Amino acid sequence: HIIVFIAIVLFFPTFLIIIMTETRFDVGMTCEGCANAVKRILGKVDGVSDIQTSVEAKSVVVVHDESVSKDDLLAKLQKWSAASGKSVAFSS
4 HIIVFIAIVL FFPTFLIIIM TETRFDVGMT CEGCANAVKR ILGKVDGVSD
54 IQTSVEAKSV VVVHDESVSK DDLLAKLQKW SAASGKSVAF SS
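In this text, residue positions in the sequence shown follow this note's numbering: the first is 4, and each later residue adds one.
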């Protein structure tokens, strides 16, 4: 049984390496309602695994896999920005 198990592991590897990226934004959030809206919008994007917001620092940090385009994240936030009047930009 051990030999069969080893053969299965060698022919069917069970690991997958996923490279995660962190993208930072400066967002003119003024309250937790803004922060929750940002989390809700970005949380719908496939490949996003974590979103951290800080109203005090007016910052958003998004952790995502390589399938997610930073420009797509920015476009989602810019759509919200146009409706809310809040500023959005990549963090420098």
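Even for Gly, the Cβ is constructed at its ideal location relative to N, Cα and C.
Model, not experiment: these values are computed from the prediction.
Our two residues, D29 and V41, have alpha carbons roughly 12 Å apart in a direct line. Nearest to R27 by alpha-carbon distance, out of T33, A60, D53, V65, is V65. Counted as a single uninterrupted DSSP element, the stretch harbouring I54 is not any alpha helix (DSSP H) but the beta strand (DSSP E) occupying residues 51-57.
Here S70 carries a coil assignment [DSSP, helix/strand/coil]. No residue range can be given for V48, since it is assigned to no beta strand (DSSP E) and is classified by DSSP as neither H nor E.
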